[in-house]
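Q: Each residue of the first sequence is one higher than the one before, counting from 2 in my numbering.
Note that beta-carbon positions come from the ideal geometry of N, C-alpha and C, so glycine has one too.
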Amino acid sequence: MLNMKLLLNDVFLYKSKIKKRFPHFNYEITWNLYKKYNSLKKEINYLRKKRNVYSKNISDLNIKDNINIILQVRKKVSLIRDKIKEKTQNLNSCLGKLQDKLYDIPNIADCDVPIGSSDKDNKIIYKWGVKKNFSFKVMSHVKLGAKRREINFDESVLLSGTKFSIIKGAIACLYRAIGQYMLNTHIDNNYCEVYVPYIIKNSLLYNTGQLPRFSKDIFFLKKHNSAIKENLSLIPTSEVSLVNLFQNKILNIKDLPIKLVANTPCFRAEAGSYGKNNRGLIRLHQFDKVELVQLVHPKKSLIALNNVTKNAEYILKKLNLPYRKVLLCTHNMSFSASKTYDIEVWSPIDNCYLEVSSCSNTSTFQSYRVNTFFYEDNKKVFPHIINGSGLAIGRILVLILENFQIERGIVKIPKVLNRYMNGLKYIKHDDNNNKYV
RNA sequence: GGUGAAAUGGCCGAGUGGUUUAAGGCGCUCCUCUGCUAAGGGAGUAUGUUUAUACAUCGAGGGUUCGAAUCCCUCUUUCACCGCCA
Numbered sequence: 002m003l004n005m006k007l008l009l010n011d012v013f014l015y016k017s018k019i020k021k022r023f024p025h026f027n028y029e030i031t032w033n034l035y036k037k038y039n040s041l042k043k044e045i046n047y048l049r050k051k052r053n054v055y056s057k058n059i060s061d062l063n064i065k066d067n068i069n070i071i072l073q074v075r076k077k078v079s080l081i082r083d084k085i086k087e088k089t090q091n092l093n094s095c096l097g098k099l100q101d102k103l104y105d106i107p108n109i110a111d112c113d114v115p116i117g118s119s120d121k122d123n124k125i126i127y128k129w130g131v132k133k134n135f136s137f138k139v140m141s142h143v144k145l146g147a148k149r150r151e152i153n154f155d156e157s158v159l160l161s162g163t164k165f166s167i168i169k170g171a172i173a174c175l176y177r178a179i180g181q182y183m184l185n186t187h188i189d190n191n192y193c194e195v196y197v198p199y200i201i202k203n204s205l206l207y208n209t210g211q212l213p214r215f216s217k218d219i220f221f222l223k224k225h226n227s228a229i230k231e232n233l234s235l236i237p238t239s240e241v242s243l244v245n246l247f248q249n250k251i252l253n254i255k256d257l258p259i260k261l262v263a264n265t266p267c268f269r270a271e272a273g274s275y276g277k278n279n280r281g282l283i284r285l286h287q288f289d290k291v292e293l294v295q296l297v298h299p300k301k302s303l304i305a306l307n308n309v310t311k312n313a314e315y316i317l318k319k320l321n322l323p324y325r326k327v328l329l330c331t332h333n334m335s336f337s338a339s340k341t342y343d344i345e346v347w348s349p350i351d352n353c354y355l356e357v358s359s360c361s362n363t364s365t366f367q368s369y370r371v372n373t374f375f376y377e378d379n380k381k382v383f384p385h386i387i388n389g390s391g392l393a394i395g396r397i398l399v400l401i402l403e404n405f406q407i408e409r410g411i412v413k414i415p416k417v418l419n420r421y422m423n424g425l426k427y428i429k430h431d432d433n434n435n436k437y438v
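#1: Have a look at 259, 267, 248, 245 and flag the residue whose alpha-carbon is nearest the alpha-carbon of residue 237.
#2: Express the C-alpha separation of residue 199 and residue 177 in angstroms, rounding to a whole number.
#3: Identify, in the order they occur along the chain, each residue of the same chain with its Cβ nearer than 8 Å to the Cβ of residue 367, setting aside the five sequence neighbours on each side.
#4: In chain order, what residues of the same chain have a beta carbon less than 8 Å from the beta carbon of residue 49, not counting five sequence neighbours either side?
#5: Who does residue 267 pair with in a DSSP beta bridge?
#6: Just checking residue 307 against the ligand MN - is the residue's beta carbon closer than 7 Å to any of the ligand's heavy atoms?
#7: Specify the secondary structure class of residue 423 as computed by DSSP and reduced to three states.
#8: To the nearest whole angstrom, what separates the beta carbons of residue 350 and residue 139, a pair I think is in contact under 8 Å?
#9: Can you tell which of 394, 418, 219 has its C-alpha closest to the C-alpha of residue 168?
#10: In three-state terms, what does DSSP make of residue 27?
#11: Return the residue from the list 261, 381, 89 that minimises the CA-CA distance to residue 196.
#12: Tell me which residues share the same chain as residue 298 and place their Cβ nearer than 6 Å to its Cβ, disregarding the 5 neighbours each side in the sequence.
#13: Under 8 Å Cβ to Cβ from residue 335, same chain only, skipping five residues before and after it: list those, please.
#14: Can you tell which of 42, 287, 206, 247 has its C-alpha closest to the C-alpha of residue 234?
#15: At which residues does the alpha helix (DSSP H) containing residue 214 begin and terminate?
#16: Given a threshold of 16 other Cβ atoms within 10 Å of its Cβ, counted over all protein chains shown, does residue 102 qualify as buried or as exposed?
#17: Judging by CA-CA distance, which residue of 419, 8, 92 is the nearest neighbour of residue 46?
#18: On the CB-based measure, 16 or more other CB atoms within 10 Å of its CB, does residue 316 come out buried or exposed?
#19: Contact between the region 107-126 and the region 54-73: three or more CB pairs below 8 Å?
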């Protein structure tokens, strides 16, 4: 349930800031709906009071002696009742409209977030690592996978249509190793591993900010059988499941920061995803991602955002993948974010940086909506919620296959992954990895 | 999937149409008495609303009624047994 009072407070306090990020925002309409809502509520309260008084009168009267009076009062009250019904209907439609307006307002951007409308306005914070010079022509992961018959898109089309993948053998093992390594690393950093549902109620998507704006990206489930009772969808990211674990929960300040990590599949309908970075495993309907979520004291959220980003960067450093950290401009941030850092890894094939992580501070946007808070000095305080990918597994697979070729088509597996690779240290043309075709 | 039972404050739990304006207990907070402890006495103790001697909230939403925690309908969840399955 939307915490209306808090949201409205923010709307009134920060209306100019909201307009910076959401130029179409109509403050007047929202304000008028709110006024109407309040006056209707007052009217209804007044009518109810009247009704209650009359009804009480009836209960105090002796029926036999006062039958005429009672009948009169009954008539009066039934008129009041009808009025209440009518006004309540108005109230509900007014409330619905007001909520729609509130749900459509994105988070307010932090003051140091660049205002802008395209990728050019993003700010590169820093770069790490060395782009390798290759003495041979690097083979793309698509070619390499096809040659080894370990990444197959023809088969996935057969099974599920476009934008899915089948991964087999050594590359499948590498894929699993990457996820395992990331998960274990974050656990070492005091994140609590959580297993969550991949199918969730649509209402959760409003809490985390994917709905109402981005319904095109969501796979909604149809009610074909009785197992699907309400409106359900596939998670676009485990952030949705993780954050919504805290619905209506009162936290203990001593338990902060709460740090969660999950490795889950993510499902994106991605309606309009044409253009760059579209090849092979890079943009699919189904992919896996290790997700980090932190609930922290509002005063510590900027530090926490940096920490989450560092947790993600640490993995890239260990894998020795050259990357850069980018501060996103207002236009590129997700709906719920107040500040976002993207982490992008160098791709020798595309000759550009490819996004592998997005770390956002959602400030109170999500905590208001899931209604989770703690008490400090007897006051309700809403924690800031930070999420970040740590990292997108499929894309890291691609970047390992393309960055670590020691000669065309032969890949040296990063050391940190060795313990998850069943003794395999290289992906070679002639390795025998239980191929079945 | 079938059948049956249930859902009331922080917790337990009473409550089948009108002093329920939610009894009683536990827990918690404050005061007090006694004091080594244990125990006793008193007061307080849900939330929301542009803050009201007001209104609303007894799983959710509708309905009946002058009046609903209470009656009716729909839904959700929980528990039990059976069926199916990993």
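A: On the basis of the coordinates in this document:
#1: As a working note, residue 237 is residue 236 in the first sequence. Cα-wise, what sits closest to residue 237 is 267.
#2: In the first sequence, counting from the first residue as 1, residue 177 sits at position 176. In the first sequence, counting from the first residue as 1, residue 199 sits at position 198. Looking at the two C-alpha atoms, the distance is approximately 18 Å.
#3: In the first sequence, the residue the question calls residue 367 occupies position 366. So the list reads 208, 209, 210, 244, 337, 386, once near-sequence residues are dropped.
#4: As a first step, residue 49 must be located in the first sequence, where it is residue number 48. Apart from the 5 residues on each side of it in sequence, residue 49 sits with its Cβ closer than 8 Å to the Cβ of 85 in its chain, given in chain order.
#5: As a working note, residue 267 is residue 266 in the first sequence. Per DSSP, 288.
#6: For the structure depicted, the ligand MN is absent and the ligand set is empty, with no information on it obtainable.
#7: Here the question's residue 423 lines up with position 422 in the first sequence. Residue 423: coil per DSSP, three-state reduction.
#8: Counting from one through the first sequence, the residue named residue 350 turns up at place 349. Counting from one through the first sequence, the residue named residue 139 turns up at place 138. Right, their Cβ atoms sit about 6 Å apart.
#9: For the purposes of this step, residue 168 is taken as the residue at position 167 of the first sequence. Residue 394 is the option with its Cα nearest to residue 168.
#10: For the purposes of this step, residue 27 is taken as residue 26 along the first sequence, with counting starting at 1. Three-state DSSP puts residue 27 in coil, outside helix and strand.
#11: If you number the first sequence from 1, residue 196 lands on position 195. Measuring from the Cα of residue 196, the nearest candidate turns out to be 261.
#12: For this step, residue 298 is matched to residue 297 along the first sequence. Hits under 6 Å: 257.
#13: Mapped onto the first sequence, residue 335 falls at position 334. Correct list, in chain order: 210, 341, 359, 361.
#14: Against the first sequence, residue 234 aligns to sequence position 233. Nearest C-alpha to residue 234: 206.
#15: Translated into the one-based positions of the first sequence, residue 214 becomes position 213. The continuous stretches of alpha helix (DSSP H) do not include residue 214, and DSSP gives it neither H nor E.
#16: For the purposes of this step, residue 102 is taken as residue 101 along the first sequence, with counting starting at 1. Flag for residue 102 reads buried.
#17: To locate residue 46, count along the first sequence from 1; it is residue 45. Of the candidates 419, 8, 92, the one whose C-alpha sits nearest the C-alpha of residue 46 is 92.
#18: One-based indexing of the first sequence puts residue 316 at position 315. By the neighbour-count rule (16 or more Cβ atoms within 10 Å), residue 316 is buried.
#19: no
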